[in-house]
């Protein structure tokens, strides 16, 4: 116990000083100080240790309270009080106090604790003391400790105690008080009737001593009366005058607990055979001393005819000292021992004889008294046989009269545990249809055997149909180690090659799953070990109440629990529990995630959902499909993984045509209307499934009718717009590769004019290729069109970039082919993969495969459509590509794909490559633009090859147009440039040195402005990341770009706007994007969302010339406004031939 006063300290039972100190600080109220001090000293003379911290003030308060509580107590009076702790400085405001005061009697504390524990209340602390108290009419006049002599006889010795227990309600306090009062009354009855019960024994002895055949019984009764039995009750039954067999209870003769129990049967039949004395477990539960079924020592009296005329029943417990007495010193038992030894034929002092005696000595004395001579012999010999062969063995002692079965079980020490004992107890309760009311475990001897003993109380009408051997088999099965049972199952169902998994599973797994369940997990884990790819298993419990989900992944993978939870959540599953297990096999560790899922809100076809759910999860874990809320359509709309892929691809395409709503919002909408999405998929199937040979139009019409009916139920106008956009997109699709097998991408050919709200200009046709690794678009202005494919870095709006390039290409190609085309792709995935050229090449090739999958071919002069294609357009076989940004060296790869498909154009499919020209190396676009720029500067009276001039650039030195252009003259003063990642600023550059550094970057593959030598940058300049929050403005920057605001720093986008407005000789646009518009236009009209925050108006441009060598950097109205504001020249490179 800990007390807390001015300081906390630990006491070994002695707390008096701290309490007296608290008393000295407090003025006593209406009590004599010396008497209270004496009471405290005697009451707290010993206190039981506890982990609870109790303040000295609390202990003082309890002493004061008890003192007043017992002040007027009368001899023989039992006082009980139960109340809440509701005062300051107490250990807890929600605790309850039980106070008792009684004449000092045996078993008081034990009995009160039984009454408290009956209500499942924890006992945090208690203090009790036996005090010698004297009183007069005014109350207590003297308090002393227990005297050494006649305390029990003079009536002044009292047992005073209080108990600190858990929180209670008012109703519970009343019940608790009644039970404690009953316990004290029961103790009083037992103690008061103790001598009368001994007198009953004496009476029986007087009767039996006359019969020499009953001498052993007399010895036993004397032994029992010599402090070897706690007498708690007595009943006497006599022969019924109305029945020849029944005995009638003489209620007036009942003593102790037996006279309190009013519900006892008034008659009983004769049981336990024609014996004078028997020992059995009774049906009476004691509330005194021990809360157990009491032992019954029954003594029968027979008449001369051999009929029972009287049966005396003594109830109670054998004392703890009996367990240490030799079996040869206890009457009755010693005769059974002699029988067993004689029956065995062993010499007492021989090896077997001593072993047998040791076994009998180990039995509890209650067992020895209850067992018959033959039962004791059989069980003892059975135990002896285990000494050389430790195994599981069951013995039972049955009391059919009172419904008790004692199960004595021996098990090898190697498998023994408390958990195993609990499992065996459950098996016994189930098979015997009863309740375990007593347990006892101990090591039996040095032969590695542990003994378990269970006392099972069975109902009177319970009938166990299993024999002792059958029950033993169940116990044997229960004692088998989980690994042993798994070994049996593996050998039975799987074969010896899987035995390596026997020791692979942790204890936590073994507690949750049976060995037969583990077989399924072993097969899954084996697959993961062989393939290195995660596995998934979804199943329902037997009661169909909850889904179970298991995910198997290598521990060294980056699939952490947070990622797994995220994936499962986006599948639309609700998780209620999670367990993780590490399975170690072959020196590798596999992680098994086990989820218990809540039922979904819809009734599901389990077998269909299981397959689809598992497939999608595996696709996500293998990174073959994206992890987003579209995956929940597997459950919500009952879609397969590829159907989910289709919906995701449609959504991604909508994003690229400047759709007003985000992907997350689209996901939210489609999840709200799963029936509509299911019909969208059916519509797609009806239009494009090649297996549907007849009635296609009728089926399409039927599905569309169902869709229109559902649209009538959509009340939200925004939801209606999102769903109709997807619906109309499906109707605008002309071809698809969806039915050409499970390829890592999906291609759709679209009639652009049929898509509502498509940004202008609308291409003639476009092919969109979606993959988890990349996305690509190819736009054509007409049936015969030509243009390059670029590796774009604008993941959010790459179609906008490609559309702008296609516009320029349309004009450029007018002298070569009728119209132009343009294509581009972006890479997806982690930064390491995206920056890999090998990864880019593979995605580029798959992009081309996706295009050629749905493009007609010419074979033997005939136009041929690929297998698996249902088309809604005419023959369309002309498709060529060219090198562009990022793909200058990829033309050979493109022609490899052309050969792979046996495409009719052969190596004419892609211009350039090893048999063509290197776009960047020749620099044809930049050179043509530069000549035109020279001409315009000559008109202005300047020679840019001999005199320096200032430039602001859009792009970087790794690009074709920008890189080649910035090396056309060593007189260029490049004051600044920017691309999608960096901003380069050099306020006062050295033309010659900067020219050399630019050339170095140009010749360095994959270079960026970050690679520019910082030592060569003039004062006040630098290279800055566009992702930075702000950039410090230097004096040189202000002067160079004409920045007039007084702020010390500026955002990257604002700096770029100032660069575009800078008073320079030329803006060289070698990049992508539209940066100049008219003040009469808004950004939405421009259709270049990525550059909305950079764009300026034409009248704000102060450069003498804008050279548009890349994409069209100005809108048409922007050019007009620039010219009206005094612009000297606009150089639009539309006449430079490309590709």
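Residue numbers (the UniProt record's numbering): 1 to 1139. Backbone N, C-alpha and C define an ideal beta-carbon position, used for all residues, glycine too.
Figure out for me which residue from the options has the closest Cα to the Cα of residue i.
i, options, result
"residue 1080", "1120, 837 and 1057", "1120"
"residue 393", "324, 463 and 468", "468"
"residue 751", "835, 767 and 572", "767"
"residue 438", "450, 427 and 454", "454"
"residue 84", "21, 141 and 168", "168"
"residue 1007", "350, 1017 and 979", "979"
"residue 699", "681, 922 and 1117", "681"
"residue 133", "212, 807, 245 and 101", "101"
"residue 1105", "787, 1123 and 514", "1123"
"residue 990", "1003, 1004 and 975", "975"
"residue 117", "127, 258 and 176", "176"
"residue 76", "19, 158 and 67", "158"
"residue 902", "785, 855 and 572", "855"
"residue 753", "764, 747 and 746", "764"
"residue 630", "611, 667, 609 and 639", "667"
"residue 810", "822, 801 and 525", "822"
"residue 1039", "32, 1058 and 1054", "1058"
"residue 304", "1086, 313 and 211", "211"
Could you pull out every residue in the same chain whose Cβ sits closer than 8 Å to the Cβ of residue i, ignoring the five residues on either side in sequence?
i, result
"residue 1133", "Low local confidence applies: a pLDDT of 46 at residue 1133 is under 50, so the model's placement there is unreliable, with the coordinate-based value given in what follows. Correct list, in chain order: 925, 928, 929, 932, 1107, 1108 and 1109."
"residue 302", "274, 276, 308 and 309"
"residue 729", "650, 653, 654, 750 and 755"
"residue 1012", "984, 997, 1001 and 1023"
"residue 744", "624, 771, 772, 773 and 846"
"residue 1048", "1032 and 1033"
Would the beta-carbon of residue i fall within 7 Å of that of residue j?
i, j, result
"residue 781", "residue 820", "yes"
"residue 1026", "residue 981", "yes"
"residue 621", "residue 534", "yes"
"residue 847", "residue 826", "no"
"residue 969", "residue 945", "yes"
"residue 16", "residue 57", "no"
"residue 336", "residue 373", "yes"
"residue 1073", "residue 1045", "no"
"residue 268", "residue 293", "no"
"residue 536", "residue 618", "yes"
"residue 658", "residue 759", "yes"
"residue 66", "residue 22", "no"
"residue 186", "residue 288", "yes"
Mind reading off the beta-carbon distance from residue i to residue j? Whole number of angstroms is fine, and I expect it under 8 Å.
i, j, result
"residue 272", "residue 401", "7 Å"
"residue 1125", "residue 1099", "4 Å"
"residue 1065", "residue 1021", "With a Cβ gap of about 18 Å, residue 1065 and residue 1021 do not count as contacting."
"residue 397", "residue 365", "Incorrect: roughly 14 Å between the Cβ atoms, too far for contact."
"residue 868", "residue 740", "4 Å"
"residue 804", "residue 1112", "6 Å"
"residue 956", "residue 962", "6 Å"
"residue 581", "residue 505", "7 Å"
"residue 549", "residue 576", "The Cβ separation is near 11 Å, so there is no contact."
Can you pull the DSSP bridge partners for residue i?
i, result
"residue 494", "In DSSP, residue 494 forms no bridge with anything."
"residue 982", "1025"
"residue 973", "950"
"residue 765", "780"
"residue 910", "881"
"residue 597", "547 and 575"
Take residue i and list the residues in its own chain whose beta-carbon comes closer than 6 Å to its own, dropping the five residues that flank it on each side.
i, result
"residue 776", "769, 825 and 847"
"residue 201", "221 and 225"
"residue 352", "346"
Quick one: residues in its chain with C-beta nearer than 7 Å to the C-beta of residue i, no 5 flanking neighbours on either side, listed in chain order?
i, result
"residue 223", "330 and 331"
"residue 734", "749, 750, 751, 871, 872 and 873"
"residue 1142", "In the structure displayed, the chain extends from 1 to 1139; residue 1142 sits before or after that span and is not available."
"residue 193", "255 and 256"
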